[in-house]
Structures are given as C-alpha cells and as structure tokens.
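Under my numbering, residues 1 to 137 are what the sequence shown spells out, in order.
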Amino acid sequence: MAQQSTTAVFTFSSWDEKNVTDAERSPRLAHAAVVNNYSGGIDAEGTACQYALAYAAETRGSFCGMELLTGSVAGREGTFVIQQTGTFDEEGVIRCSFEVVPGSGTGELTGLTGTGGYEVREGEQEVKVSFSYELQG
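Next comes the structure, spelled out in structure tokens:
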C-alpha cells in the first residue's frame, strides 16, 4: 500500500508527573504517566503513555516516551505503539516527533509503519497531530 497521511487531535485525560531527582536542582529528571484521547484519522480513547523528562531549566528541556494506542487508523482496528521524542522551551512551545515501533501493530493494523509529530503551546487543550503511514495488506 502507498504512503498515506492523516491528521488527528488528542486531548490529555490525565497527567501524573513525579520527580525522579531533587526538585530543587537543575538539571532534574521526572517521570510522567499520561492518558490521552485521540479523534480523527487516529481514533483511540484512554491511551497508555509513559514519559521520561529532562529539565535543563524550570521551563526548558526534552522528553522521550512510549504510547500504546488501541483503536483505529483510517477505520482499521487494532493496537500499536509509538515512540516519541521532543523538546519544550521557555516560550511554552512543545515539539514532538514520533514513529510507530516496528512490529507493534495488531489486528487490522498489523504491519503498520509510520512517522508523525506535533507542535503545540503549553496550555492548549487540543493537540493537532500529523501522521504519515503505510499499512500492509
């Protein structure tokens, strides 16, 4: 199948962040357990997402994470995992890119590959995601 692209929107359902190192020092590390809800070209309610965050300063740093999505892509049902990397800066801009973990697709999403990303300002309730993908079969 040829490469396709779609967009989706996600909202945070919950964000539970805990410091891994002393909160008073810089740089510091934190861990966040997050639940997101996607709608649009990706439709997935109640995802499971885990982030590791490195704060270089109070409002600047980077993160990486894994997110398990169960739902659909372009109407095809299944589960897949995305691996995310991103940054956040003093102006409150969060930039993230992600790729589908190879071999993680199940059901009608078996063989799913793809990349995507988003850019959003801190505090915005909805995050628009772009996703380019291929689906075998």
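Backbone N, C-alpha and C fix where the C-beta goes; we use that ideal spot for every residue, glycine too.
I'd like the list of long-range same chain contacts for residue i, defined as Cβ closer than 6 Å, with 5 residues on each side in sequence excluded.
i, result
"Thr87", "Ser62, Arg95"
"Gly71", "Asp43, Ala44"
"Thr110", "none"
Assuming residue i contacts residue j (C-beta within less than 8 Å), just tell me the rounded distance between them.
i, j, result
"Ser13", "Asn37", "5 Å"
"Ser97", "Thr85", "6 Å"
"Glu126", "Thr11", "6 Å"
"Ala52", "Gly65", "7 Å"
"Arg175", "Glu90", "With the chain running from 1 to 137 in the structure shown, residue 175 is simply not present."
"Thr47", "Phe131", "Actually they do not touch by this definition, with Cβ atoms about 14 Å apart."
"Ala33", "Gln50", "6 Å"
Residue range of the beta strand (DSSP E) that residue i falls in?
i, result
"Thr85", "76 to 88"
"Arg60", "60 to 73"
"Asp16", "4 to 19"
"Thr113", "113 to 121"
"Gly46", "Where Gly46 is concerned, there is no enclosing beta strand (DSSP E), given that its DSSP letter is neither H nor E."
"Ser39", "28 to 40"
"Arg25", "Looking at the DSSP string, Arg25 is not in any beta strand (DSSP E), and its letter there is neither H nor E."
"Val101", "Counting along the chain, Val101 falls outside any beta strand (DSSP E), and DSSP gives it neither H nor E."
"Glu108", "It is not in any beta strand (DSSP E) - Glu108 carries neither H nor E in the DSSP assignment."
"Glu134", "127 to 134"
Exposed or buried, what is residue i when buried is set at 16 or more other beta-carbons lying within 10 Å of its beta-carbon?
i, result
"Thr21", "exposed"
"Ala8", "buried"
"Gly92", "exposed"
"Gly75", "exposed"
"Gly116", "buried"
"Gly123", "exposed"
"Gly78", "buried"
Excluding the 5 residues preceding and the 5 following residue i in the sequence, name in chain order all residues of the same chain whose CB lies nearer than 7 Å to its CB.
i, result
"Asn19", "Arg28, Ala30"
"Lys128", "Thr7, Val9, Tyr118"
Who are the near neighbours of residue i in its chain, counting only those whose CB is closer than 8 Å to its CB and skipping five residues on each side?
i, result
"Ile82", "Met66, Glu67, Leu69, Phe98, Glu99, Val100, Val101, Gly116"
"Tyr55", "Ser26, Pro27, Arg28, Leu29, Ala30, Gly61"
Segment contact flag, the region 99 to 106 with the region 26 to 43, C-beta cutoff 8 Å, min 3 pairs: Short answer: they don't touch.
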